[in-house]
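Student: Counted the way the working numbering counts, the sequence shown spans residues 20 to 387.
Cβ coordinates follow ideal geometry from the N, Cα and C atoms, glycine included.
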Amino acid sequence: MIQVPYFAFRDWPEGIAQQLEQAVVQTMGGNQFILGPEVNNFEKAFAKFTGTEYAIGVGNGYDALVTCLKALGIGPGDEVILPANTFIATANAVVQTGAKPILAEPDKQTYNLTAATAGKHITPNTKAIIAVHLYGQTCQMDELQELCKRYDLKLIEDAAQAHGATYKNQQAGSFGDAAAFSFYPTKNLGALGDGGAIVTSDPDVAAYSYSYRNYGQKEKYHNQTIGINSRLDTLQAAALTVKLHHLPTQNAERQRLAEVYLTELQTINELILPVTAAHCSHVYHIFNIRCNRRDELQRYLQQQGIQTVIHYPVPIHLQPAYSYLNYKPGNLPVTEELASTSLSLPLFPGMTEVEQEYIIKSVKDFFR
Ligand SMILES: *Cc1c(COP(=O)(O)O)cnc(C)c1O
Numbered sequence: 020m021i022q023v024p025y026f027a028f029r030d031w032p033e034g035i036a037q038q039l040e041q042a043v044v045q046t047m048g049g050n051q052f053i054l055g056p057e058v059n060n061f062e063k064a065f066a067k068f069t070g071t072e073y074a075i076g077v078g079n080g081y082d083a084l085v086t087c088l089k090a091l092g093i094g095p096g097d098e099v100i101l102p103a104n105t106f107i108a109t110a111n112a113v114v115q116t117g118a119k120p121i122l123a124e125p126d127k128q129t130y131n132l133t134a135a136t137a138g139k140h141i142t143p144n145t146k147a148i149i150a151v152h153l154y155g156q157t158c159q160m161d162e163l164q165e166l167c168k169r170y171d172l173k174l175i176e177d178a179a180q181a182h183g184a185t186y187k188n189q190q191a192g193s194f195g196d197a198a199a200f201s202f203y204p205t206k207n208l209g210a211l212g213d214g215g216a217i218v219t220s221d222p223d224v225a226a227y228s229y230s231y232r233n234y235g236q237k238e239k240y241h242n243q244t245i246g247i248n249s250r251l252d253t254l255q256a257a258a259l260t261v262k263l264h265h266l267p268t269q270n271a272e273r274q275r276l277a278e279v280y281l282t283e284l285q286t287i288n289e290l291i292l293p294v295t296a297a298h299c300s301h302v303y304h305i306f307n308i309r310c311n312r313r314d315e316l317q318r319y320l321q322q323q324g325i326q327t328v329i330h331y332p333v334p335i336h337l338q339p340a341y342s343y344l345n346y347k348p349g350n351l352p353v354t355e356e357l358a359s360t361s362l363s364l365p366l367f368p369g370m371t372e373v374e375q376e377y378i379i380k381s382v383k384d385f386f387r
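1) One question on the structure: do S249 and V77 come within less than 7 angstroms of each other, judged by their Cβ atoms?
2) I need the DSSP call for D384, collapsed to helix, strand or coil.
3) Following a CB-centred definition, is A108 positioned closer than 6 angstroms to any heavy atom of ligand 1?
4) Give me the residue from Q255, G246, Q285 with the minimum Cα distance to F202.
5) Is N79 near ligand 1, in the sense that its beta carbon is under 6 angstroms from a heavy atom of that ligand?
6) Assign K127 to one of three DSSP states: helix, strand, or coil.
7) With DSSP as the reference, please indicate the residues paired to L88 in a beta bridge.
8) Flag S363 as yes if its beta-carbon sits less than 7 angstroms from any beta-carbon of chain E, otherwise no.
9) What's the gap between the Cα of N267 and the Cα of V261?
10) Are the beta-carbon atoms belonging to L362 and Y303 less than 7 angstroms from one another?
11) Applying the criterion that 16 or more other CB atoms from any shown protein chain within 10 Å of the CB defines a buried residue, is G113 buried or exposed?
12) Near I305, what residues of its chain come up, given a Cβ to Cβ distance below 6 angstroms and the 5 sequence neighbours on each side ignored?
13) Flag this pair as yes or no: are the beta carbons of A178 and C87 separated by less than 7 angstroms?
14) Going by C-alpha to C-alpha distance, which of T244, R29, D171, P293 sits closest to T360?
15) In three-state DSSP terms, what is P348?
16) Skipping 5 residues on each side, what residues in its chain have a beta carbon closer than 6 angstroms to that of Q38?
17) Give a single yes or no on whether S228 has its beta carbon closer than 6 angstroms to a heavy atom of ligand 1.
18) Roughly how many whole angstroms lie between the Cα atoms of F106 and G55?
19) Indicate, with yes or no, if ligand 1 has a heavy atom lying under 6 angstroms from the CB of G215.
20) For the alpha helix (DSSP H) that contains L254, what are its first and last residues?
21) Let me check you understand the geometry: is the CB of Q115 closer than 6 angstroms to at least one non-hydrogen atom of ligand 1?
22) With a CB to CB cut of under 8 angstroms and the five nearest residues on each side skipped, what residues in its chain are close to D82?
23) For ligand 1, is there any heavy atom lying closer than 6 angstroms to the beta carbon of A134?
24) Determine whether the beta carbon atoms of W31 and G369 lie at a separation below 7 angstroms.
25) Could you name the residues of the same chain whose beta carbon sits closer than 7 angstroms to that of N350, not counting the 5 residues immediately before and after it, in chain order?
26) Are the CB atoms of L132 and A123 nearer to each other than 7 angstroms?
27) Is A271 buried or exposed, if buried means 16 or more other CB atoms sit within 10 Å of its CB?
28) Taking 6 angstroms as the cut-off, is the beta-carbon of Q180 closer than that to any non-hydrogen atom of ligand 1?
29) Between which two residues does the alpha helix (DSSP H) containing F61 stretch?
30) Suppose only complete runs of 3+ residues qualify. What are the beta strand (DSSP E) ranges in the region 189-243, listed by chain order?
31) Over the uninterrupted alpha helix (DSSP H) stretch that includes G78, give me the two end residues.
32) Residues in the same chain with beta-carbon distance under 8 angstroms from R387, minus the five sequence neighbours each way, listed in chain order, please.
33) Rounded to whole angstroms, what's the CA-CA distance from R312 to K383? Just pull it up for me.
34) How big is the Cα-Cα spacing for N59 and E176?
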């Protein structure tokens, strides 16, 4: 028996660890720890990568979401539609602005918010829709853009799981009025600690974000608005520039590993495997499988030394923290079904063939 972690940092492609060490040591020598030149260098590179005009580095993905919302004028009295099956941060960010989160069902096949599911919740108070590119697959952005245009809504992308994913060959993060990325270490593009960014091609959103992340000042000690302290750390920016170079290779490796799973597991009738929709690319931040005997399968894999994770066991509308929204079990059946049947298998750059074969064999053994 071998032990397979759900996620591990491996030196893959080889040499990345040494490049990171060099970048961090060199940046330390520069002694510009807050908003040093490395931050601007990374911001430029990341804007270019996503095909946007501006990237603004912040402390984490959550702050990136809050900043997007506030930059677009979302606040008390507003309603913001988001998918009910996302990570809690998406909803918390809406609450942070004083607006009300409105939870919509995802599509049954892709698990992503669609124009059809979001459109049902539009009221005169709706101000924005947050399209979450869940698990690494982009939403169907044409329809969402049209919907937002028709109802004069802001479109925000939560691209925290989708660095490098595309829709019609266009990068995640470049479709909305603004987009939020997280560089949490295990994300497809991860820092050596917390990090995040807003990307946008709107100069007003960019100007607000640069100021908001730094106490609301444009010039030192002169404050136009009441901002926060959420600056992308200089050392993290240096590390992210190194890792951004490797993102396409690492995403391709994730896709290769996913293809192996898809080919090998397709014969198991009891399993529902991830589906990639037309025009979308999937960068497999998460490789999610579904089955009615999920808990049993997870326990079995655990006994075989294989770590798995459930994304996410309790949907937002059933979290005690959100009881004030008065949702009841059964209100969002697709979301609830996903929560009770989803299981994420290990998938990360540098995972070995031996590890993946062992996982596949163990899953097959369970269903035999
Ligand atoms: C990770 C994540 C976030 C939050 O990012 P942090 O950097 O951890 O604050 C937001 N939304 C989604 C969908 C995420 O996966």
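Tutor: This is what the structure holds:
1) yes
2) helix
3) yes
4) Q255
5) yes
6) coil
7) In the DSSP output, where bridge partners are listed per residue, L88 has none listed.
8) The displayed structure is made up of one protein chain only, and chain E is not part of it.
9) The amino acid at residue 267 is misidentified as Asn; the sequence shows Pro. Answer to the nearest angstrom: the Cα atoms are 12 angstroms apart.
10) no
11) Note that residue 113 is Val in the sequence shown here, rather than Gly. Buried: at least 16 other Cβ atoms inside 10 Å.
12) Y154, H330, S363
13) no
14) P293
15) coil
16) V261
17) no
18) 31 angstroms
19) yes
20) 253-284
21) no
22) G215, R232, I247, S249
23) no
24) yes
25) H336
26) yes
27) exposed
28) yes
29) 56-69
30) 197-201, 215-219, 236-238
31) G78 -> no alpha helix (DSSP H), and no H or E assigned at all.
32) none
33) 14 angstroms
34) 22 angstroms
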